[in-house]
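Reviewing the structure listed below.
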Amino acid sequence: MEEQLINHFISFDDFKKIHQIESLQLKEEDLLIIYRIIENNKFVLTNDHYLPALFHYIKEKTSLATSLKLKSLFQDNYSIFVNV
């Protein structure tokens with residue numbers, strides 16, 4: 001999975017069109033912040049040990065509400081970030 005994340009990470013346009021992401025109804029600017037955080041730190045998706053740090057950083061850059069909306073999605077489905 002680590003290699004897929006590095007070599008096949010989805011584009012921002014594809015990211016924001018994912019049904020699960022759309023259903024969160026987040027602001028475009030928050031989506032871009034989240035995407036960039038994950039794109040620049042792909043390793044956090046390879047091990048759930050890193051998820052608390054990811055959510056904390058997203059909370060700092062966006063809001064607590066945004067971080068909480070993402071938490072259940074990220075914990076259940078890392079593969080939404082892979083374009084194969």
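For what it's worth, our numbering labels the leading residue of the sequence shown as 1, then goes sequentially.
Ideal placement from N, C-alpha and C gives every residue a C-beta, glycine not left out.
Just so it is clear, the structure is predicted and the values come from calculations on it, not from any experiment.
Can you tell me whether residue i is buried or exposed? The criterion is at least 16 other CB atoms within 10 Å of its CB, across all chains shown.
i     : result
Phe43 : exposed
Lys17 : exposed
Leu68 : exposed
Met1  : Only weak support exists for where Met1 lies, its pLDDT of 47 falling under 50; the coordinates are left without a value.
Here's a check: name, in chain order, each residue in its chain whose Cβ is nearer than 7 Å to the Cβ of residue i, leaving out the five neighbours to either side.
i     : result
Thr66 : Leu26, Asp30 and Ile58
Hey, how far is the Cα of residue i from the Cα of residue j?
i     : j     : result
Thr62 : Asn47 : 23 Å
Ser11 : Gln20 : 16 Å
Ala53 : Leu24 : 21 Å
Asp14 : Lys71 : 20 Å
Tyr50 : Tyr35 : 16 Å
Leu73 : Leu45 : 12 Å
Glu60 : Ile38 : 14 Å
Leu32 : Asn41 : 14 Å
Less than 8 Å between C-beta atoms, sequence neighbours within five positions excluded: which residues of the same chain meet that for residue i?
i     : result
Glu28 : Lys16
Measuring only from the beta carbon, is residue i closer than 8 Å to any heavy atom that is part of the ligand GDP?
i     : result
Phe43 : For the structure depicted, the ligand GDP is absent and the ligand set is empty, with no information on it obtainable.
Point to revise | alpha helix (DSSP H) runs contained entirely in the segment 30 to 58, provided each spans 4 or more residues | key: none
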